[in-house]
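Below is one structure, written out as structure tokens; the observations come after it.
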Amino acid sequence: MFLLSYSTAAVVVPDDYLMSDDKALTYVYTQEHVPVIAKMKVYQEALMDGYEKEFGYKLDDKMYVGLASSKNQIANGFSTQIPFNSQILYGAGATYIDYFSSSSWLKTLLIHETAHNFQLNPKENFLSQSSHKLLGNTPVSFLAFIPLFPIPNVLENNFILEGNGVMNESRFGNGGRLFSGYALAELLALVQADGIKPELMINPTLSFPYGEKFYLVGGFFQQFLVDRYGIDKVNGYFKTFATQPFPFFSSAMFKKQYGKTFEQLLAEFVDELKLKHEAFKSTEGTLLTRSETFVPLNKQNNAIYTLISDNKSAPKVFELNIKTMTSSFEEGAWRLGELVKKEGAYYSQASGKTSPTKIEMGLFDKEGYMKKGFEGKAIQGFTASGKEVYFDVKQSIEAPQVYVDGNFYTESHSSVHVDQENLYYFKQENATRTLYKNKKALVAFEGHYGFVTDVDSEGVIYFVASSKHGSSVYRVRAGVIERVMFTDDVIDFKLIGDNQAFVVTIDAKGYAYRKVDLQRVETAEPYKINIAQNGRLAPNLRETDFLSPKEVLSSESYNSLKALSYSSLSQLLSYEESRGLGVDLQANFADPLLQNSLALVLSHDDDRDILGLRYDNQVHQLEYGFAGYKLFKNNESQTVDKREHGYDAYLRLPFIKRGYWDANLILSYTEDYDTIYRKPLSFALNVLNAKHFAYSKYVNALNALSLFGTSDREVNLWGGTYAFKQGLAGQSYLGLRATYMKSNEVNFLEEKGIELREGLSTLQSDSATLSVPSFSSTLYAKELNMAELSLAKVFDGSLYFFSFPLSLQRESLYVKQRRYDIDFSDSIQRTYYERIVGTELDLVLFNKLEFPLRLEWINNEDVVDKDKLRVLIGGSF
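What the sequence shown shows, in the numbering used here, is residues 8 to 884, in sequence order.
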């Protein structure tokens with residue numbers, strides 16, 4: 008209950024923030040975003056007014072909106088009800104302009120995330136309303152064995168939540184993913200493969216298209232419902248879902264809202280797609296490679312290259328020599344993003360930590376390090392004379408701002424293709440998309456999806472845009488748009504000759520890279536996708552530019568301590584015959600940026616009462632936390648070994664976060680109420696290099712070193728642990744670990760020395776502790792050596808269900824062999840051999856909650872309980 012957490016909880020890196028407080032909306036932002044906040048507020052208030060009518064209710068809590076500073080160059084945003092009704096927006100979405108098919112990144116975030124706030128906020132049943140008034144923003148609590156759900160809609164599955172968000176983002180005159188040919192091609196590829204089934208859509212799965220299906224397939228499904236039932240009925244579904252005191256029954260709520268179950272409507276959706284898009288055509292050609300991730304192709308001299316991955320191991324550079332038509336692969340730890348080749352080396356355009364207080368977008372090498380001089384730049388290419396063409400990430404919170412060698416060039420609504428000294432890109436005005444060469448408009452068409460991919464020697468421009476059934480390739484020749492390919496699954500394209508091309512296509516298993524022949528050309532414009540722009544916004548707001556420096560909201564400096572507000576009350580009732588009724592209460596306080604937290608604790612049973620307070624702070628690079636508590640003894644005989652007070656405090660300084668390296672120093676002190684003995688003062692150094700790629704179950708590569716020194720009642724202890732892990736072929740993993748600890752004194756009765764216990768230490772800050780799962784009681788040692796060899800193998804066997812509450816994603820088998828050389832005193836030495844054989848199942852509960860379940864057999868022939876079986880929740884290897 009009183010443990011301090013060393014994990015990072017803050018949602019932004021440290022910076023100086025401002026706060027503009029209002030009755031219904033509070034904004035937290037930095038000085039750089041002062042120009043956008045005033046009109047952003049007007050826009051969001053208009054969104055909320057429209058959503059109130061469609062969703063059928065007003066938000067019952069103030070909404071906090073955090074706009075992260077440019078020290079957080081992440082292309083993302085999220086909405087939550089925990090700890091508050093809030094959303095955090097990150098402004099570095101310029102590199103996703105083609106994928107989102109939108110005009111404004113910031114508007115996309117506002118539309119999508121505000122929809123989530125409305126989806127999750129309602130409480131339309133007595134139990135949820137009553138428990139929320141008492142317990143606040145907590146997902147679940149228990150009254151004896153009865154679960155209470157103060158925020159019932161957090162249990163709705165992501166296929167509905169994210170799909171509804173994508174549908175809504177596409178109806179406000181800002182484009183959106185439903186206008187994307189890529190999205191439609193993915194949808195229809197799954198339809199052709201019979202891949203759209205209830206159990207595969209609502210569960211998080213570990214095969215293509217992974218979580219993207221929630222957004223894209225879910226978005227088209229929601230649009231299907233809108234076309235049939237209207238927007239008010241579809242957005243009003245979430246009010247209906249919230250009428251459940253036990254919110255597990257999506258299909259029943261579909262029946263209540265639409266008159267048909269989820270399964271029925273999904274089947275009708277698929278049938279309609281098959282009929283409407285029966286002419287969908289897949290690309291044939293010479294298959295050169297496949298991938299389960301996609302980043303745009305790039306071309307330089309005689310080579311086409313990109314980054315490919317199986318989503319479980321290190322990515323590879325795939326390079327095609329277009330003169331010899333030979334291909335090569337190079338494995339490395341590149342961050343996922345478009346590849347750029349510079350000075351003979353490959354770099355990926357990505358985002359990552361470059362220091363403990365900065366997340367930057369730029370070019371990263373194969374070891375995850377930022378290339379100097381490219382910080383905050385989304386590189387689009389280099390001219391023949393060597394000039395850099397890039398989006399300035401800091402300036403592109405609305406739409407990409409194109410710079411050439413440090414000078415502003417123009418605003419773009421697509422990626423920029425650089426050929427010789429020329430720049431090719433699209434601009435968007437309302438529903439019209441116009442192709443530009445440098446600053447000259449060439450042609451226009453109706454749509455939101457389109458980006459230039461190549462230019463031939465005669466100046467003919469090739470681009471990818473929408474077809475009626477997905478995504479295809481077009482060109483502009485002599486001012487006329489012509490269709491070059493007549494298939495619907497092409498998402499990228501590069502010329503490799505007069506009549507040949509290298510293309511990327513999408514299918515139900517991922518992405519295929521093919522060489523194709525170009526056989527004919529036909530005059531045809533990209534297909535216009537029609538989606539009703541029925542968002543309740545005034546026309547001037549649809550086109551408004553947020554950058555309005557003359558309008559400024561009143562604000563004050565953001566003080567995270569002052570901003571602490573009550574969030575929730577955690578409670579637990581229990582009963583033990585020996586201790587009677589147990590009551591645990593914890594009142595939780597937090598700030599909107601989660602930079603600090605406060606908890607007030609009360610715990611009661613027949614033996615003792617405890618009052619406590621815990622505080623954690625991550626406002627600055629130096630993080631800290633402390634706890635204090637008072638114990639009142641009700642039964643002296645049962646609490647004779649308990650302190651009447653306790654303290655816990657730590658300082659944590661992360662000093663390296665760069666590449667895949669992470670290092671920190673921790674100083675901690677603990678006097679726990681649970682014992683009158685141990686009160687360690689510890690200093691620890693932790694250094695690790697960890698590479699974990701995409702959906703790999705275990706870390707793919709690890710080198711970690713932890714060193715500590717502890718002083719405990721004039722006893723000095725020190726030691727360290729080194730861990731090595733390496734992914735092998737076929738999702739197999741090897742691990743090695745060695746630990747050494749030394750104490751200058753040992754006393755079992757006074758709990759002095761190295762603590763050896765069956766489970767984990769109750770004192771998170773007690774470094775001089777080792778878990779020995781084959782032991783049945785806690786022992787103390789003077790010196791210890793431990794060595795471990797481990798092997799694991801992951802299997803992709805899955806079993807998904809729609810109605811049954813538990814599904815299986817994958818499983819693993821692992822074995823561990825440990826040797827312990829332990830000096831319990833100067834005269835007592837023991838050697839133990841411990842064997843662990845286990846299986847770990849990745850499970851999904853209620854189609855949403857992912858967790859690992861472990862079953863282990865532990866054998867040690869030199870202890871009393873030679874064999875143990877245990878069931879655990881949580882990862883192991």
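Built from N, CA and C at the ideal position, the CB exists for glycine as well. Just so it is clear, the structure is predicted and the values come from calculations on it, not from any experiment.
Continuous beta strand (DSSP E) assignments of at least 3 residues falling wholly in the region 514-580:
If we require 3 residues or more, the beta strand (DSSP E) runs fully inside the region 514-580 come out as 517-524.
Helix, strand or coil at V878 [DSSP, three-state]
Reading the sequence shown from its first residue, position 871 is the one you call residue 878. Secondary structure of V878 (DSSP, three-state): strand.
Beta bridge counterpart(s) of A352 as assigned by DSSP
Stepping through the sequence shown from its first residue, residue 352 is reached at position 345. A352 is bridged to K349.
Kindly provide the ranges of any alpha helix (DSSP H) runs that are 4 or more residues long and lie completely inside the region 235-299, ordered along the chain.
Fully enclosed alpha helix (DSSP H) runs of no fewer than 4 residues occupy 238-242, 244-248, 257-265 and 269-283 of the region 235-299, in order along the chain.
Can you give the Cα-Cα distance for E868 and Q733, rounded to whole angstroms?
Residue 868 sits at position 861 when you count from the first residue of the sequence shown. Residue 733 sits at position 726 when you count from the first residue of the sequence shown. Just so you know, the alpha carbons of E868 and Q733 end up roughly 30 angstroms apart.
Spatial neighbours of G589 within its chain, please: CB distance less than 6 angstroms, with the 5 preceding and 5 following residues excluded, ordered by chain position.
Here residue 589 is taken as the residue at index 582 of the sequence shown, counted from 1. If the five residues before and after G589 are omitted, its C-beta is found closer than 6 angstroms to the C-beta atoms of S581 and D612, all from its own chain and listed in chain order.
With C-beta atoms as the reference, is N595 less than 8 angstroms away from S564?
The residue labelled residue 595 in the question sits at position 588 within the sequence shown. The residue labelled residue 564 in the question sits at position 557 within the sequence shown. No, the pair does not count as a contact, with Cβ atoms beyond the cut-off.
With distances taken Cα to Cα, identify the nearest neighbour of Y534 among D495, Q540 and L560.
Residue numbering aside, residue 534 sits at position 527 when the sequence shown is read from its first letter. If we check each option's Cα against that of Y534, D495 comes out closest.
Who are the Cβ neighbours of L236 in its own chain at under 7 angstroms, not counting the five residues just before and after it?
Along the sequence shown, one-based indexing puts residue 236 at 229. In the sequence as presented, Leu is not what sits at residue 236; that position holds Tyr. Closer than 7 angstroms at Cβ, skipping near neighbours: Y265.
Report the residue from T33, E59 and K446 whose alpha carbon sits nearest the alpha carbon of L544.
Within the sequence shown, numbered from 1, the residue matching residue 544 stands at position 537. Nearest of T33, E59 and K446 to L544, Cα basis: E59.
Beta-carbon spacing of I118, F179 below 8 angstroms:
Counted from its first residue, the sequence shown places residue 118 at position 111. Counted from its first residue, the sequence shown places residue 179 at position 172. Yes, the pair counts as a contact, with Cβ atoms nearer than the cut-off.
Spatial neighbours of T439 in its chain, beta-carbon cut-off 7 angstroms, leaving aside the 5 residues before and after
Counted from its first residue, the sequence shown places residue 439 at position 432. Leaving aside the five residues that flank T439 on each side, the residues in its chain whose CB is nearer than 7 angstroms to its CB run, in chain order, A451 and E453.
Tell me whether R490 sits in a helix, a strand or coil according to DSSP, three-state version.
Within the sequence shown, residue 490 is the residue found at index 483, counting from 1. The answer is strand: DSSP assigns R490 an E or B state.
Just the C-alpha distance for G528 and V491, rounded to the nearest angstrom, thanks.
Walking along the sequence shown from the start, residue 528 turns up at place 521. Walking along the sequence shown from the start, residue 491 turns up at place 484. Going by the sequence as given, residue 528 is Val instead of Gly. Rounded to whole angstroms, V528 to V491 spans 5 angstroms at the Cα level.
Confirm, please, whether the CB-CB distance from L791 to I829 is below 8 angstroms.
As a position in the sequence shown, residue 829 is number 822, starting the count at 1. As a position in the sequence shown, residue 791 is number 784, starting the count at 1. Cβ atoms of I829 and L791: closer than 8 angstroms.
Can you give me the Cβ contacts of A82 inside the same chain, cut-off strictly under 6 angstroms, excluding the 5 residues immediately before and after it?
In the sequence shown, residue 82 corresponds to position 75, counting from 1. Sequence-distant partners of A82 (beyond 5 residues in either direction) whose C-beta falls short of 6 angstroms from its own C-beta, in its chain, are A99, G100 and Y103.
Along the chain, which unbroken stretches of the alpha helix (DSSP H) at least 4 residues long are found entirely within the region 171-200?
Qualifying alpha helix (DSSP H) stretches, in chain order: 188-199.
Endpoints, beta strand (DSSP E) assigned at W864:
Reading the sequence shown from its first residue, position 857 is the one you call residue 864. Per DSSP, W864 belongs to the beta strand (DSSP E) from L856 to N866.
Complete beta strand (DSSP E) runs within the region 770-795 (minimum length 3 residues, chain order)
Within the region 770-795, the complete beta strand (DSSP E) runs of at least 3 residues are 776-778 and 786-788.
Need the endpoints of the beta strand (DSSP E) that F433 sits in, please.
In the sequence shown, counting from the first residue as 1, residue 433 sits at position 426. Per DSSP, F433 belongs to the beta strand (DSSP E) from N429 to E436.
Could you pull out every residue in the same chain whose Cβ sits closer than 8 angstroms to the Cβ of I311, ignoring the five residues on either side in sequence?
Taking the sequence shown and counting its residues from 1, one reaches residue 311 at position 304. In the same chain as I311, and ignoring 5 residues on each side of it, the C-beta atoms closer than 8 angstroms to its own belong to L304, N305, E326, L327, I329, K501, I503 and F509, in chain order.
Looking at L449: is its Cβ nearer than 8 angstroms to the Cβ of V483?
On the sequence shown, residue 449 is found 442 positions in, with the first residue counted as 1. On the sequence shown, residue 483 is found 476 positions in, with the first residue counted as 1. A Cβ-Cβ contact shorter than 8 angstroms links L449 with V483.
Please report the straight-line C-alpha distance between H627 and Q602, rounded to a whole angstrom.
In the sequence shown, residue 627 corresponds to position 620, counting from 1. In the sequence shown, residue 602 corresponds to position 595, counting from 1. Cα to Cα, H627 sits roughly 9 angstroms from Q602.
Here's the rule I'm using: 16 or more other beta-carbon atoms within 10 Å means buried, otherwise exposed. How should I880 be labelled?
To locate residue 880, count along the sequence shown from 1; it is residue 873. By the 10 Å Cβ count, I880 comes out exposed.
D505 in three-state terms, based on DSSP
Start at 1 with the first residue of the sequence shown, and residue 505 comes out as number 498. Coil, per DSSP.
If I measure Cβ to Cβ from Q427 and keep anything under 6 angstroms in the same chain, skipping five residues before and after, which residues do I get?
Residue 427 sits at position 420 when you count from the first residue of the sequence shown. The residues are A391.
In whole angstroms, what separates the C-alpha of G73 from that of P407?
On the sequence shown, position 66 is the one that residue 73 refers to. On the sequence shown, position 400 is the one that residue 407 refers to. Distance between the alpha carbons of G73 and P407 is about 21 angstroms.
What would DSSP say about S479, mapped onto helix, strand or coil?
For the purposes of this step, residue 479 is taken as residue 472 along the sequence shown, with counting starting at 1. Of the three classes helix, strand and coil, the one that applies to S479 here is strand, per DSSP.
For the pair the region 818-825 and the region 843-853, tell me if three or more CB-CB distances fall below 8 angstroms.
Pairwise C-beta distances place the region 818-825 in contact with the region 843-853, as three or more of them are shorter than 8 angstroms.
For N437, which residues in the same chain have their Cβ closer than 8 angstroms to its Cβ, ignoring the five residues on either side in sequence?
Position 430 of the sequence shown, counting from 1, holds the residue named residue 437. Here N437 has G180 and E550 as same chain residues with Cβ atoms under 8 angstroms from its own Cβ, once five neighbours each way along the sequence are excluded.
Assuming V396 contacts V423 under a Cβ cut-off of 8 angstroms, what Cβ separation, rounded to an integer in Å, is found between them?
Taking the first residue of the sequence shown as 1, we reach residue 396 at position 389. Taking the first residue of the sequence shown as 1, we reach residue 423 at position 416. Contact annotation, V396 with V423: C-beta distance approximately 6 angstroms; criterion of less than 8 angstroms satisfied.
Can you tell me whether M368 is helix, strand or coil according to DSSP?
In the sequence shown, the residue the question calls residue 368 occupies position 361. Residue state, collapsed to three classes: strand.
Give the range of the beta strand (DSSP E) segment to which Q628 is assigned.
As a position in the sequence shown, residue 628 is number 621, starting the count at 1. Here Q628 belongs to no beta strand (DSSP E), and DSSP marks it neither H nor E.
Beta carbon of E120 nearer than 8 angstroms to that of F85:
The residue labelled residue 120 in the question sits at position 113 within the sequence shown. The residue labelled residue 85 in the question sits at position 78 within the sequence shown. With contacts defined by Cβ atoms closer than 8 angstroms, E120 and F85 form a contacting pair.
A570, buried or exposed, once every other Cβ within 10 Å from all chains shown has been counted against 16
For this step, residue 570 is matched to residue 563 along the sequence shown. Under the 10 Å beta carbon count, A570 is surrounded by 16 or more other beta carbons and is classified as buried.
Three-way DSSP call (helix, strand, coil) for S93 in this model
Your numbering for residue 93 matches position 86 in the sequence shown. Residue state, collapsed to three classes: strand.
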